[in-house]
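Under the numbering used here, residues 1243 to 1498 are what the sequence shown spells out, in order.
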Amino acid sequence: MDKNLPDASATNRKLVVLSLGLLCILQAALNISLRLALYSSDAPDYDAVIRNLTEERDQLKRKLNTFDSSDAPDHDAVIRNLTEERDQLKRKLNTFDSSDAPDYDAVIRTLTEERDQLKRKLNIFDHYTQEGWRYFRSSFYFISSVKKSWGDSRDNCLQKGADLVIINSKEENEFTRQFRRLFWIGLTDTETEGTWKWVDGTLLSTTTSYWHPGEPNSYFSTNEDCGETKFNEVEDNWNDEKCHWQKFWICEKMVA
Ligand code: 2F8
Ligand code: CA
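1. Can you tell which of Asn1323, Asp1287, Thr1437 has the C-alpha that lies nearest to the C-alpha of Asp1347?
2. Let me know if Lys1332 comes out buried or exposed under the rule of 16 or more other beta-carbons within 10 Å of its beta-carbon.
3. I'd like to check one pair, Ser1387 with His1486: are the Cβ atoms closer than 8 Å?
4. Throw me the rounded Cβ distance for the Cys1493 and Glu1483 pair, which I believe falls under 8 Å.
5. Should Ser1275 go down as buried or exposed, given a rule of 16 or more other Cβ atoms within 10 Å for buried?
6. Look up Ala1271 in the DSSP assignment and say whether it is helix, strand or coil.
7. Could you tell me which of Trp1491, Arg1304, Leu1295 sits nearest to Arg1419, measuring between CA atoms?
8. Hey, would you say the C-beta of Asn1459 is under 7 Å away from at least one heavy atom of ligand 2?
9. What are the residues that DSSP puts in a beta bridge with Asp1482?
10. Run through the DSSP bridge pairs and tell me what Glu1477 is partnered with.
11. Are there 16 or more other CB atoms within 10 angstroms of the CB of Ser1395, so buried, or fewer, so exposed?
12. Report the option in Asp1405, Asn1294, Ser1411 whose CA atom is closest to the CA atom of Glu1477.
13. Taking DSSP's pairing of strands, which residues face Ile1492 in a bridge?
14. List the whole-angstrom C-beta distance separating Asn1415 from Tyr1452, where the pair is believed to meet the contact cut-off of C-beta under 8 Å.
15. Return the residue from the list Phe1382, Leu1360, Leu1353, Pro1458 that minimises the CA-CA distance to Glu1470.
16. Among Asp1289, Arg1357, Phe1367, Trp1426, which residue has its Cα nearest to the Cα of Ala1498?
17. Within the same chain, show all residues whose beta-carbon is closer than 7 Å to that of Asn1441, passing over the 5 residues directly before and after it, in chain order.
18. For Glu1413 versus Arg1362, is the C-beta distance shorter than 8 Å?
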C-alpha cells in the first residue's frame, strides 16, 4: 500500500464524523426555528390567556359556591349543572396542557364561549334571586305578598316578563303547595264554561290536574272561572273561584 495515500477506513470515519456534525447543526437550527415560530412576538401569550381563563373559571366557581343550596330543593340541580359545565372546562384545560399540538386559538375560543355562557346564566340567576324570585326546575317563581283579582295578578306577572304559574307536574304543584297559601294560578274557563285552559292557551290535561274533590263546581252557580290553590292540606288542592276576589298569586318565568 502507498503510505502517501490516506487510509480508506480513516476517510470513512472522517465522513461519518462530518455527517454527524452536520446532522447536529441541522437539528439545532430546526429547534431554534421552531421555538422562534412558537414564541415569536406576534403569537399570543397562550400561558397568560389560559391563566386568565382559569382565574375567571375559578371566580365563577367561588360565586356558585356562595349560593345557598338549602333555600330551594332544585337549587342543588342548578349548581350541579353549572359545576359540571365548569368541570368540563377544567378537563379541556387539562387535555390542552398534555396534548402534542393543540389548536390554541380554537381551544381558547371554545373556553371563552363556554365561560361567557356560564356568566350569562349566573347573571340571570343573580338577577332573579336578588329580586326575590325562587328557582325550581328550570323556572323562577315570584310569590306575591299583596292580594289582587285574577286579572290584575296576571297583568302584574306580564309586566314582569312572566305569567301566572302553569302547573305541569305533581312536583311543581307540591312546590306551590308548600307555601300553604291561597294563590291564583294561571288557569281559567272564562272563554268556554267548563273548558279549563292555562294562560298559554293549552288545555288542562286530565292526567295533570289537582282539583279538590267536588271541584270545579262554580259554587251555587256563582260563576267561578279562575283557578286557585286552596285546600293545601291535601295534594289535590285546587279550587275554582270568582275571578274578582283579591288573592295572592304566583308568577312563573321559564329559563332556557
Ligand atoms: O268561596 C267559595 C268556595 O267555598 C267553598 O270552599 C270553602 C266551596 N267548597 C266546598 O263547598 C267544598 C268552593 O267550591 C267555593 O269555591
Ligand atoms: Ca269552587
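Glycine residues also receive a C-beta, built at the ideal position from the N, C-alpha and C atoms.
According to the data block:
1. Walking along the sequence shown from the start, residue 1347 turns up at place 105. Distance from the Cα of Asp1347 is smallest, within the candidate group Asn1323, Asp1287, Thr1437, for Asp1287.
2. Translated into positions along the sequence shown, residue 1332 becomes position 90. The C-beta of Lys1332 has fewer than 16 other C-beta atoms within 10 Å across all chains shown, which makes the residue exposed.
3. The residue you call residue 1486 lines up with position 244 of the sequence shown. The residue you call residue 1387 lines up with position 145 of the sequence shown. No, the pair does not count as a contact, with Cβ atoms beyond the cut-off.
4. The residue labelled residue 1493 in the question sits at position 251 within the sequence shown. The residue labelled residue 1483 in the question sits at position 241 within the sequence shown. Under the criterion of beta carbons closer than 8 Å, Cys1493 and Glu1483 do not qualify as touching, at roughly 18 Å.
5. As a first step, residue 1275 is located in the sequence shown; it is residue number 33 there, counting from the start. Because the pLDDT at Ser1275 is just 44, under 50, the model does not fix this residue reliably, and the point stays unresolved.
6. The residue you call residue 1271 lines up with position 29 of the sequence shown. For Ala1271, the pLDDT reaches just 44, beneath the cut-off of 50, and the residue's location in the model is therefore unreliable, leaving the point undetermined.
7. Taking the sequence shown and counting its residues from 1, one reaches residue 1419 at position 177. Residue Trp1491 is the option with its Cα nearest to Arg1419.
8. The residue labelled residue 1459 in the question sits at position 217 within the sequence shown. Flag set: Cβ of Asn1459 near ligand 2.
9. Position 240 of the sequence shown, counting from 1, holds the residue named residue 1482. Its beta-bridge partners are Gly1469.
10. Numbered from its first residue, the sequence shown carries residue 1477 at position 235. Glu1477 is not bridged to any residue.
11. The residue labelled residue 1395 in the question sits at position 153 within the sequence shown. With at least 16 other beta carbons inside 10 angstroms of its own, Ser1395 counts as buried.
12. For the purposes of this step, residue 1477 is identified with residue 235 of the sequence shown, where counting begins at 1. Closest in C-alpha terms to Glu1477, from the list Asp1405, Asn1294, Ser1411, comes Ser1411.
13. Here the question's residue 1492 lines up with position 250 in the sequence shown. DSSP output for Ile1492 lists Ile1385 as bridge partner(s).
14. By 1-based counting over the sequence shown, the position of residue 1415 is 173. By 1-based counting over the sequence shown, the position of residue 1452 is 210. That pair is a contact at about 5 Å.
15. On the sequence shown, residue 1470 is found 228 positions in, with the first residue counted as 1. Of the residues Phe1382, Leu1360, Leu1353, Pro1458, the one whose Cα lies closest to the Cα of Glu1470 is Pro1458.
16. Along the sequence shown, read from residue 1 onward, the residue named residue 1498 stands at position 256. Closest by alpha carbon: Phe1367.
17. For the purposes of this step, residue 1441 is taken as residue 199 along the sequence shown, with counting starting at 1. What sits at residue 1441 in the sequence shown is Val, not Asn. Around Val1441: Arg1396, Asp1405, Leu1406, Ile1408, Gly1428.
18. The residue given as residue 1413 occupies position 171 in the sequence shown. The residue given as residue 1362 occupies position 120 in the sequence shown. With contacts defined as CB atoms closer than 8 Å, Glu1413 and Arg1362 fail to qualify as a contacting pair.
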